[in-house]
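Visitor: Chains as they are written, first to last, in numbering that gives the first Met the number 0: chain A, 0 to 63; chain B, 0 to 90.
Just dropping this structure here.
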Amino acid sequence: MAKPIEISKIRIYQDQPPNRRAYIGNFEEPFHYGIHGGVKDFYKKEPETEYPSTLDHIVASAAG
Amino acid sequence: MIGTLSGALEARKIPTYPDKMKADAEGTIEAPGGVMKITHIQIHFQLEIPTGKRPEAERALKVFERNCPVAQTLKDSVQIDYDWEIEEQDA
């Protein structure tokens, strides 16, 4: 088996639901995941703080 | 996936906040055809739950993936595996 080019290492913490916080590699600043817009409506939740959803991040990654 | 798992646990009266739930993930990036892609994601969940709630927690861990938007989005292109460790603590 070939050696991987990279192993992406990430630690994720559950903050006050539905919000989460992800630390990527050695970068100090986390990414925040949560809900807003249609995703918020789907789950019928009203978070104290709105953040982009993980689905938004997939789209951003695809476009980025 | 931790967000969906959190929801599944909360629905079973298992609190997931504060400092009760985290995960370490490793994504393997390879270039099998000369182009980089993510081939595998391995996730290790670490849960702190009330004593006696292990059966409910393990049930949630075994079924939550079917309700996870990201897992369902990626399932046909990236192999995702996960395991877990559970620590029971008196409330």
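Just so it is clear, CB atoms sit at the ideal spot from N, CA and C, and this is done for glycine as well.
#1: Tell me, please, whether the CB atom of B:D23 is closer than 8 Å to any CB atom in chain A?
#2: With 8 Å as the threshold, decide whether the Cβ of A:A60 is near any Cβ in chain B.
#3: Short check: CB of B:G2 to CB of A:R19, under 8 Å?
#4: Does the distance from the CB of B:P49 to the CB of B:I13 come in under 8 Å?
#5: Please compile the residues from chain A whose C-beta is within a distance smaller than 9 Å of the C-beta of B:P49.
#6: If I measure Cβ to Cβ from A:Q13 and keep anything under 8 Å in the same chain, skipping five residues before and after, which residues do I get?
#7: Quick one: what does DSSP say B:Q45 is sitting in, helix, strand or coil?
#8: Using the beta-carbon count (16 or more within 10 Å), is A:T53 buried or exposed?
#9: Can you tell me where the alpha helix (DSSP H) with B:D18 in it begins and where it stops?
#10: Please state whether the Cβ-Cβ distance between B:V77 and B:I40 is less than 8 Å.
#11: Quick one, which residues of the stretch 74-87 of chain B are near chain A if we go by CB-CB under 7 Å, in chain order?
#12: Is B:G33 near A:I6, with beta carbons less than 8 Å apart?
#13: Heavy atom of the ligand NAD less than 7 Å from the Cβ of B:K36, yes or no?
#14: Run the CB neighbour count on B:V69, radius 10 Å, all protein chains shown included, and call it buried at 16 or more, exposed below.
#15: Considering just the uninterrupted stretch of the alpha helix (DSSP H) at B:I1, what are its terminal residues?
Guide: Reading off the structure:
#1: yes
#2: The question names Ala, but residue 60 of chain A is Ser in the sequence shown. A:S60 does not count as touching chain B.
#3: yes
#4: yes
#5: Simply none; closest approach about 16 Å.
#6: R19
#7: strand
#8: buried
#9: Run containing B:D18: none; DSSP gives neither H nor E here.
#10: yes
#11: none
#12: no
#13: The ligand NAD is not part of this structure, which contains no ligands at all.
#14: buried
#15: 1-10
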